[in-house]
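A.B. asks: Could you have a look at this structure, given as structure tokens, before my questions?
Residue numbers (full-length UniProt numbering): 1 to 179.
Quick look at the structure:
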């Protein structure tokens with residue numbers, strides 16, 4: 001389970017962050033660096049715990065763990081391709097993002113990490129490596145999304161981002177299954 005898989009998983013779990021950042025930026029709402037780090041930390045901790053849990057469980061079933069984890073990632077990817085695109089969330093422009101909203105946003109984005117982290121842990125991917133990748137890409141992608149959102153002044157191509165995230169999961173699942 002190499003570095004390339006960890007990087008792709010970090011990217012795949014954070015493509016939603018890009019769209020959230022674009023949505024916030026398009027509405028001229030800013031997320032401070034501290035808020036961004038808090039959001040990324042929540043996702044990284046969630047990914048670490050879920051991945052570690054899967055690694056511990058899969059160690060008892062090591063013969064089938066890699067296959068099961070790879071199939072799980074493939075299923076997540078296909079489900080992501082088939083699910084309908086959610087509507088844009090309503091974001092108010094009239095006030096700054098408060099700490100409770102930051103924590104709620106971090107928690108909801110962290111939920112995206114759970115199934116991927118479980119699949120990654122089952123496939124033998126390092127919990128520490130995954131959580132570091134999730135953290136770094138979360139901070140980076142959210143900041144980039146806000147920047148682009150401010151430039152674009154509108155949200156676009158959410159369906160494309162969802163499809164790309166799903167295709168990355170499928171690619172990782174196939175890679176881990178046959179590698």
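A virtual CB, placed ideally from N, CA and C, is assigned to each residue, including glycine. All of these numbers come straight from a predicted model, not from anything done at the bench.
How about residue 74 and residue 29: do their beta carbons lie closer than 8 Å?
C.D. replies: Taking the chain shown and counting its residues from 1, the one referred to as residue 74 is at position 74. Taking the chain shown and counting its residues from 1, the one referred to as residue 29 is at position 29. For residue 74 and residue 29, no; Cβs fall outside 8 Å.
A.B. asks: Relative to the C-alpha of residue 70, which residue among 4, 119, 133, 112 is closest?
C.D. replies: Counted from its first residue, the chain shown places residue 70 at position 70. Looking at the Cα atoms, 119 is the closest of the given residues.
A.B. asks: Closer than 6 Å by C-beta to residue 14: which residues in its own chain qualify, once you throw out the five before and the five after it? Chain order, please.
C.D. replies: Against the chain shown, residue 14 aligns to sequence position 14. Counting only Cβ-Cβ distances below 6 Å, and skipping sequence neighbours, we find 137, 138, 141.
A.B. asks: Are residue 144 and residue 18 closer than 8 Å when you measure CB to CB?
C.D. replies: The sequence position of residue 144 within the chain shown is 144, counting from 1. The sequence position of residue 18 within the chain shown is 18, counting from 1. Yes, they are a contact pair.
A.B. asks: May I ask which residues mark the beginning and end of the alpha helix (DSSP H) holding residue 58?
C.D. replies: Reading the chain shown from its first residue, position 58 is the one you call residue 58. 33-58 is the span of the alpha helix (DSSP H), which, as asked, contains residue 58.
A.B. asks: In whole angstroms, what is the alpha-carbon distance linking residue 77 and residue 99?
C.D. replies: Along the chain shown, one-based indexing puts residue 77 at 77. Along the chain shown, one-based indexing puts residue 99 at 99. Taking the straight line joining both Cα atoms gives about 32 Å.
A.B. asks: Checking 8 Å against the spacing of the C-beta atoms, do residue 106 and residue 38 come in under that value?
C.D. replies: Taking the first residue of the chain shown as position 1, residue 106 is located at position 106. Taking the first residue of the chain shown as position 1, residue 38 is located at position 38. Cβ distance < 8 Å, so residue 106 and residue 38 count as in contact.
A.B. asks: For a quick check, are the C-beta atoms of residue 67 and residue 177 less than 8 Å apart?
C.D. replies: Position 67 of the chain shown, counted from the first residue, corresponds to residue 67. Position 177 of the chain shown, counted from the first residue, corresponds to residue 177. Yes. Within cutoff.
A.B. asks: Grab me the residues of residue 42's own chain with a C-beta within less than 8 Å of its C-beta, minus the 5 sequence neighbours each way, in chain order.
C.D. replies: Counted from its first residue, the chain shown places residue 42 at position 42. Only 103, 106, 107, 109, 110 meet the Cβ criterion.
A.B. asks: Considering only their Cβ atoms, is the gap separating residue 21 from residue 125 smaller than 8 Å?
C.D. replies: Counted from its first residue, the chain shown places residue 125 at position 125. Counted from its first residue, the chain shown places residue 21 at position 21. The answer is no: Cβ separation not under 8 Å.
A.B. asks: Would a check of beta-carbon distances place residue 42 closer than 8 Å to chain D?
C.D. replies: The displayed structure is made up of one protein chain only, and chain D is not part of it.
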